[in-house]
Amino acid sequence: MDAVANILSRSWSWLRARCRTFWTWLTCLFATLCELCGCCESDVDVEHGIAHRKHTSDIHPADLSAMGDVGKKQAASGGGSAPTHVHKVIMVGSGGVGKSALTLQFMYDEFIEEYEPTKADSYRKKVVLDGEECSIDILDTAGQEDYSAIRDNYYRSGEGFICVFSITDSESFDATNEFREQILRVKNATDASIPIMLVGNKSDLNNERCVMQMQAQQRAEQWGVPYIETSAKNRTNVDKVFYDLMREIKRRKGGTLNANVPGGDAAPRDKPRKKKKCTIL
1 MDAVANILSR SWSWLRARCR TFWTWLTCLF ATLCELCGCC ESDVDVEHGI AHRKHTSDIH
61 PADLSAMGDV GKKQAASGGG SAPTHVHKVI MVGSGGVGKS ALTLQFMYDE FIEEYEPTKA
121 DSYRKKVVLD GEECSIDILD TAGQEDYSAI RDNYYRSGEG FICVFSITDS ESFDATNEFR
181 EQILRVKNAT DASIPIMLVG NKSDLNNERC VMQMQAQQRA EQWGVPYIET SAKNRTNVDK
241 VFYDLMREIK RRKGGTLNAN VPGGDAAPRD KPRKKKKCTI L
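Numbering-wise (full-length UniProt numbering), the sequence shown opens with residue 1 and increments by one.
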């Protein structure tokens, strides 16, 4: 009887994964066709049609310290006004490097060793970033996409990217160059215009290290991006990766950061450019 139940459970898991994959492909295909036809906005939100999990989570301790008592109560209860900013983050990297483990650790404070590989999962979390309430949308992508159009739509929707490799897998480190090139191509951007974090995961397996820290640091310097080593298992630097990237996204959007908050870069807001008017005679 247990064997039959096990077979039914596995069959249901397989069918559910296939249905989710097909729905994701169908949604992105429709979005691509709409974009080509000009009947939709060019900035496609690929989260529609993807399993979207909303989660109002614990507030980061460093950010809570900057809030007053009222702000702390609102953050703990989930009350207050709706977030004014949503920062969209895309997880990229080869399969098996720990993208989902990092995401789930950040979202739910738990490490899951065995989970079903998925095409893409979308998560939302309310946070307080340097004293201001906002939300982060995380799109956790698969290591390899079957269709380039789907992958391109994922990248097009992102405002910042976390490029993950495993320090125990040199091939995953080599693949980071390709992921970065794909991002720059889809975003039609220069090297320095897109917020990207290079992340070496599985630092808890240092005795199995294949990628030296200096080697990864040199690549990050070539890209002009930060490099951070993390452990999804031990939660080492997990919050730092996401919060640092959100700060960079916010800075490039033109938002101000509180200079009194540790880790908050007080960057001046760029002056808005005046639109030039064209007069037809």
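Even glycine gets a Cβ: it sits at the ideal position worked out from N, Cα and C.
_Using 8 Å for Cβ pairs, my map puts glutamate 248 next to glycine 160. What's the rounded Cβ distance?_
Translated into positions along the sequence shown, residue 248 becomes position 248. Translated into positions along the sequence shown, residue 160 becomes position 160. Yes, glutamate 248 and glycine 160 are in contact; Cβ-Cβ is about 7 Å, under 8 Å.
*Helix, strand or coil at glycine 71 [DSSP, three-state]*: Within the sequence shown, the letter at position 71 stands for residue 71. For glycine 71, the predicted model reports a pLDDT of 42, less than 50, meaning its position is unreliable; a value from the coordinates is still stated below. The three-state secondary structure of glycine 71, taken from DSSP, is helix.
*For valine 225, which residues from the same chain have a beta carbon less than 7 Å from its beta carbon, with the 5 sequence-adjacent residues on both sides left out?*
Translated into the one-based positions of the sequence shown, residue 225 becomes position 225. Cβ neighbours of valine 225 beyond the five flanking positions: Ile196, Met197, Leu198.
_Let me confirm a value: glutamate 132 is counted as buried when at least 16 other C-beta atoms fall within 10 Å, else exposed. Which label applies?_
Residue mapping note: residue 132 aligns to position 132 of the sequence shown, counting from 1. Glutamate 132 comes out buried.
*What residues in its chain sit with their C-beta under 7 Å from that of threonine 168, if we drop five residues either side in the sequence?*
Here residue 168 is taken as the residue at index 168 of the sequence shown, counted from 1. Short of 7 Å from the beta carbon of threonine 168, and not among the five residues preceding or following it, lie these beta carbons of its own chain, in chain order: Lys202, Leu205, Glu208, Arg209, Cys210.
_Assuming serine 122 is part of the beta strand (DSSP E), what are its boundary residues?_
Numbered from 1 along the sequence shown, position 122 holds the residue referred to as residue 122. Serine 122 -> beta strand (DSSP E) spans 120–129.
*When DSSP builds the beta bridges, which residues end up paired with leucine 198?*
Here residue 198 corresponds to residue number 198 of the sequence shown, with the count starting at 1. Under DSSP, the beta-bridge partners assigned to leucine 198 are Cys163, Tyr227.
*Residues that DSSP places opposite lysine 88 in a beta bridge*: As a working note, residue 88 is residue 88 in the sequence shown. Per DSSP, Asp137.
*Rounded to whole angstroms, what's the CA-CA distance from glycine 200 to leucine 8? Just pull it up for me.*
The residue given as residue 200 occupies position 200 in the sequence shown. The residue given as residue 8 occupies position 8 in the sequence shown. Glycine 200 and leucine 8: Cα-Cα distance of roughly 38 Å.
*In whole angstroms, what is the alpha-carbon distance linking lysine 233 and valine 86?*
Counting from 1 along the sequence shown, the entry for residue 233 is found at position 233. Counting from 1 along the sequence shown, the entry for residue 86 is found at position 86. For the pair lysine 233 and valine 86, the Cα-to-Cα distance works out to about 27 Å.
_Using the Cβ count rule (16 or more neighbours within 10 Å means buried), how would you classify alanine 192?_
Within the sequence shown, the letter at position 192 stands for residue 192. Per the 10 Å Cβ criterion, exposed.
*Residues in its own chain within less than 7 Å of valine 238 by CB, not counting five upstream and five downstream?*
Along the sequence shown, one-based indexing puts residue 238 at 238. Excluding residues within five positions, the ones whose Cβ falls inside 7 Å are Leu102, Gln105, Phe106, Thr230, Ala232.
*Taking buried to mean at least 16 other C-beta atoms within 10 Å of its own C-beta, is arginine 180 buried or exposed?*
On the sequence shown, position 180 is the one that residue 180 refers to. Here arginine 180 is buried. Its C-beta has 16 or more other C-beta atoms within 10 Å.
*Under a Cβ-count criterion, where at least 16 other Cβ atoms within 10 Å of its own Cβ denotes burial, should lysine 253 be classed as buried or exposed?*
If you number the sequence shown from 1, residue 253 lands on position 253. With fewer than 16 other Cβ atoms within 10 Å, it is exposed.
*Please work out which residues of its chain come closer than 6 Å, Cβ to Cβ, to alanine 3, disregarding the five sequence neighbours upstream and downstream, and give them in chain order.*
Here residue 3 refers to the residue found at position 3 when the sequence shown is read from its first residue. Nothing listed; no residue qualifies.
*Residues sharing a beta bridge with glutamate 114, DSSP*: The residue you call residue 114 lines up with position 114 of the sequence shown. Looking at the DSSP assignment, glutamate 114 forms no beta bridge with any residue, so it has no partner.
_Best match in Ala149, Ala216, Leu129 for proximity to serine 170 [C-alpha to C-alpha]_ = For the purposes of this step, residue 170 is taken as the residue at position 170 of the sequence shown. Residue Ala216 is the option with its Cα nearest to serine 170.
*Between which two residues does the alpha helix (DSSP H) harbouring lysine 184 extend?*
If you number the sequence shown from 1, residue 184 lands on position 184. Correcting the residue type first, residue 184 is leucine in the shown sequence and not lysine. Run containing leucine 184: 170–187, per the alpha helix (DSSP H) assignment.
_Proximity below 8 Å, CB of arginine 109 to CB of aspartate 121_ = Numbered from its first residue, the sequence shown carries residue 109 at position 109. Numbered from its first residue, the sequence shown carries residue 121 at position 121. The residue asked about is misnamed: residue 109 is aspartate in this sequence, not arginine. No, the pair does not count as a contact, with Cβ atoms beyond the cut-off.
*glycine 93 bridges to which residues according to DSSP?*
Numbered from its first residue, the sequence shown carries residue 93 at position 93. Paired residues: Val164.
*asked:* I'd like the list of long-range same chain contacts for tyrosine 155, defined as Cβ closer than 7 Å, with 5 residues on each side in sequence excluded.
replied: Taking the sequence shown and counting its residues from 1, one reaches residue 155 at position 155. Correct list, in chain order: Ile90, Gln182, Ile183, Val186, Lys187.
*Where does alanine 220 land, buried or exposed, given buried means 16+ other C-beta within 10 angstroms?*
Working through the sequence shown from its first residue, we reach residue 220 at position 220. Counting every other CB atom within 10 Å of its CB across the protein chains shown gives alanine 220 a total of 16 or more, marking it as buried.
*Look at the alpha carbon of glycine 93 and the alpha carbon of aspartate 174, and state the distance between them as a whole number of angstroms.*
As a working note, residue 93 is residue 93 in the sequence shown. As a working note, residue 174 is residue 174 in the sequence shown. Those two C-alpha atoms are separated by around 10 Å.
*Near phenylalanine 111, which residues of its chain fall below 7 Å by C-beta distance, leaving aside the five closest residues on each side in sequence?*
As a working note, residue 111 is residue 111 in the sequence shown. Ala101, Gln105, Ala232, Lys233.
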